[in-house]
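For the sequence shown, the numbering used here assigns the number 1 to the initial residue and increments by one for each residue that follows. For every residue, glycine included, the Cβ atom is placed at its ideal position computed from N, Cα and C. Model, not experiment: these values are computed from the prediction. Here is the structure we will look at.
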Amino acid sequence: MANQPKISSAYSVTFAPSNPKSPEVRPETKFTPPLSSPVGPTYPSPPVIVPNQIPLPSVRVPSLNTAIQTNFIPSPYGRTPTPSSVTPPNHIALQLARSPSPTSVSPANGIRDGSLYPYLSTPPGPPRFSSPLQPASLPFRTSTATPQQLPLTSGSSLPTSASPSPRYSNSSVDLQDQVSEASEDLLPFIEVTNVLFSASKVLKHKKLVNRTSLGFGALVSSGRDIPLGPQIIQQDPHRCQNCGAYANFYCTILIGSGQWQCVICRNLNGSEGEYIASSKEELRTLPELLSPFVDYVQTGNKRPEFVPVSDSRTSAPVVLVIDECLDEPHLQHLQGSLHAFVDYLPPATRIGIVLFGRTVSVYDFSEELTASADVLPGRISPSRESLKALIYGTGLYLSPVHASRHVAHLIISSLRPYELNFPEASRDRCLGTAVEVALAVIQGPSAELPRGAIKRSLGNSRIIVCAGGPNTHGPGSVPHSFSHPNYAYMENSALKWMENLGCEAHRQNTVVDILCAGTCPVRVPVLQPLAKASGGVLIVHDDFGEAFGVNLQRASTRSAGSHGLLEVRCSDDILITQVIGPGEEANVDNHESFKNDSSLSIQMLSVEEMQCFALSMETRSDIKSDHVYFQFAIQYTNVYLADISRVITVRLPTVDSVSAYLESIQDEVASVIIAKRTLLRAKNSSTANDMRATIDERVRDIALKFGTQTPSSKLYRFPKELNLLPELLFHLKRGPLLGNIIGHEDERSVLRNLFLNASFDLSIRMVAPRCLMHREGGTFEELPAHDLVMQSDSAVVLDHGTDVFIWLGAELASQAGKCAAALAACRTLTEELTEMRFPAPRILAFKEGSSQARYFVSRLIPAHKDPPYEQEARFPQLRTLSAEQRTKLKSSFIHFDEPSFCEWMRGLKISPPEPS
Ligand SMILES: [Zn+2]
């Protein structure tokens, strides 16, 4: 790693695979930090941290906190949990001591029944919708999250412990017989939603697995800030002295000597006697050997700066930086959203309010009767002297909400609309200077500390910019007219200046989110680097109303850790070729601690649940072994200032059979990884066009390499194992990310940046919409997103990630009572589907035939053009319609040129996969 060139934060660089014989010289990984961070939603319940009260240093105290948030939303829509989402008992407190007494671990079932489950947080069951008609033949899965099951559920592929009895526990016994086999059969359904692989098996043949049209990879997210598995408190992990990997569930352990073999490099390591045991069962009481994922938690008492849980979370300040150049209607909307925001904030949150226009106004909360502000010039960056005067003056610029709520409301009410006669785009806005001032306010007097003596801040502070137009005044600004002779040059300097400001904010643990609204273009490319480099997001809205207000709230409360670092280690056979996500390659030199640490280290810009890294991987050579291993270590400081190392180890079986490999492919995960790789290169409208063409090539190549030639014709049939994939990619090609649905390039660029960082759940919805039809009795049926869904007597919800549409058929709309009930049910469903989502989507409801309905139609596959047998095969719900209903449906479509999915496939000389 030492020779590795530093990766710039620009978009990706490629490399040739290195010689497999020299593992130290790792090929540089394509690394790509796009704009950041969708979000973790609500406050998680504070982890119950068990302080280190036990006198013996060798005693481990696993957390007793097993309050797993299952997050199951009771729904009137007849959801039934899937078998895999059956939730273990929620509040079982179970203690696993380091040296269990004979009674605490009964060899018979102490582990099997009790100790395991409470630690495995089953992720929330995917919402299920009753599909009364043809559930089995739905081409779409009925889950958004489709969490992948670890292969460890497949007991058959593993040498089950026909194992030596405990008395073989001397270290001379062959390693193979000493496998600690933290037995997969004990873990019936573990789902690690933090790591999703595109396939649950790895193909041994290098050439095929490296076929980039299909690709192999994983999506890794830091996950929610609640324990995923068992916690290990105040204990340093056992790490491989050679490569730095963590001891884990899959390690082979010599129980006589306590040595463990690294799954990554096979080095044999000592455990300082900790793994010496008389039986394998005894070792299973150790959390890291019990579960493939484990959190190491280091809390406060070793750290002077530790702040009690109750204070630390809420005292990180939020500073609103508000555009003062708004016209009356926009301002009214914004004021409504801001008042609601102030009421929404927890009492202990410290809030600041800064306004920007031609100047910067910093509001003073010590004035209780009138809104009062200190004003700084906007044309230049604030001088040290002026900042000093501000910070050491008598004003109170950050104040806890409980003390200043009424002052905040007073300030918001005092805002006045723009009074001059300039058009929106050319009004002076010194957004850059205002963010500089806001940063100084957050830093306060500690800004005077010498460099290096960085004050450990209370988690991440936030600056939320509310903008209605471009930055046209002062540093980082662009001329308001594109025809300015120096525009290109000035834009370029503005980009750099904004990026530097974002980096400075990140250095000060402050995330800058930019929420834009209105019809005036904000020059997204100039503002994007500020949000991105700080770990924040840029979102655009139609207006400052509802969705804006919701996003303001969600932006302020999304859970965010700081100082995040993701380390990935894999078996020698595996090569990580590209990373896409909200971070940058970290320059971590671990060589002092570990001789041959070849991990990939990524510095995370922010640590949030709703973001993830997409890793593309290849194999270096044909794989000989039966398994390959992957270990992901996510280190971060959580909102309670505990240092977490979340270690997730995954073992995937390798296979010779192409068909077995294809069957193990998770179409949705694979399509998200493909989509991210594609979007990365779709930087503007012309490259987006090129990328649309690459989707065609990709689909054709997959059919050629993995499909079969149909006997009767020259067509290749797309592999039946991947029957969802081409339709997902067809949606990608047509949809807002790449297609022509979105008119303005700025908006597409915002979506693209969101998408490149988005978690799997949000990503898959942005790629392909999810379509739910309202049925009698308040249930919903999931249907393919084909235009055949537009049945006039029904209501349909279409969830496309950043937009949700509620479509009401004309016939339904004519029956007032029925229509109102259906609309209410659709709204409730929409709220449930999106209540955790950040950014909150735009929600539109309209009737069939209205002008807004075109947004909806354009996102559906025009399947009405296909012959009836094909329609029925892919949209079986049609069979339930009466002849009359079908005729009516058929006559309701207007002709247009866009091909249906089947026509597109045939156009590529491929026959579509058989629907399953
Ligand atoms: Zn190792």
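In this chain, valine 319 is not harboured by any alpha helix (DSSP H); it is covered by the beta strand (DSSP E) spanning 318-323.
Between phenylalanine 613 and glycine 561, the CB-CB gap reaches or exceeds 7 Å. Excluding sequence positions up to five before and after glutamate 368, its CB lies within less than 7 Å of the CB of Val407, all in the same chain and listed in chain order. In the three-state reduction of the DSSP assignment, aspartate 543 falls in the coil class, being assigned neither a helical nor a strand state.
Taking the C-beta atoms as reference points, cysteine 325 is found no nearer than 7 Å to arginine 416.
Around the beta carbon of arginine 379, a 10 Å sphere encloses fewer than 16 other beta carbons of the protein chains shown; the residue is thus reported as exposed. Summarising the contact set, residues whose Cβ lies nearer than 6 Å to any heavy atom of ligand 1 are, in chain order, Cys240, Asn242, Cys243, Ala245, Cys262, Ile264, Cys265, Asn267. A Cβ-Cβ distance of about 6 Å is found for the pair phenylalanine 875 and alanine 863, placing them in contact under the 8 Å criterion. When rounded, the separation of the alpha-carbon atoms in leucine 808 and valine 550 is 25 Å. Annotated three-state conformation of lysine 847 is strand, per DSSP.
Of the candidates Ala467, Phe197, Phe730, Leu214, the residue whose Cα lies closest to the Cα of aspartate 701 is Leu214. Setting aside the 5 residues that flank it on each side, tyrosine 296 is surrounded in the same chain by Ile232, Pro237, Ser645, each with a C-beta closer than 6 Å to its C-beta; the list follows chain order. Between alanine 586 and leucine 605, the beta carbon gap of about 11 Å keeps them out of contact (Cβ cut-off 8 Å).
Around the beta carbon of threonine 887, fewer than 16 other beta carbons lie within 10 angstroms, which makes this residue exposed.
By DSSP's assignment, valine 362 forms a beta bridge with Val354, Asp374. Taking the C-beta atoms as reference points, leucine 387 is found nearer than 7 Å to alanine 440. Remark: three or more beta-carbon pairs, one from each stretch, lie closer than 8 Å, so the region 533-553 and the region 500-517 are flagged as touching.
In the same chain as lysine 204, and ignoring 5 residues on each side of it, the C-beta atoms closer than 6 Å to its own belong to Asp622, Ile623, Thr654, Asp656, in chain order. Under the three-state reduction of DSSP, methionine 610 is assigned to coil, being neither helix nor strand.
Per the C-alpha coordinates, the member of Ser713, Asn248, Val639 positioned closest to alanine 633 is Asn248. Your pair leucine 738 and leucine 732 checks out as a contact, with CB atoms roughly 6 Å apart and the cut at 8 Å. Membership of isoleucine 276 in any beta strand (DSSP E) is not indicated, and neither H nor E is assigned to it by DSSP. In its chain, beyond the 5 residues on either side, Phe249, Thr649 have a beta carbon closer than 6 Å to the beta carbon of proline 292.
Where histidine 774 is concerned, there is no enclosing alpha helix (DSSP H), although the beta strand (DSSP E) around it starts and stops at 770-774.
By the Cβ rule, the region 679-699 does not count as touching the region 879-898, because fewer than three pairs are nearer than 8 Å.
When C-alpha distances from valine 537 are compared across Gln791, Leu641, Ser257, Val607, the shortest belongs to Val607. Counted as a single uninterrupted DSSP element, the beta strand (DSSP E) harbouring leucine 254 occupies residues 252-254. Take phenylalanine 548, set aside five residues on each side of it, and the residues of its chain with a beta-carbon closer than 7 Å to its own are Ser337, Leu515, Ala517, His541, in chain order. With respect to valine 360, alanine 467 sits apart: the two C-beta atoms are not nearer than 7 Å. Contact annotation, isoleucine 673 with glycine 223: C-beta distance approximately 18 Å; criterion of less than 8 Å not satisfied.
Ranking Gln791, Ser792, Val796 by CA distance to the CA of glutamate 782 puts Val796 first. Sequence-distant Cβ neighbours of cysteine 819 in its own chain, meaning closer than 7 Å and more than five residues away, are Leu808, Leu812, Ala813. Exposure of glutamate 419 is indicated by the presence of fewer than 16 other C-beta atoms within 10 angstroms of its C-beta.
Distance from the CA of alanine 688 to the CA of serine 671, rounded to the nearest whole angstrom, comes to 17 Å.
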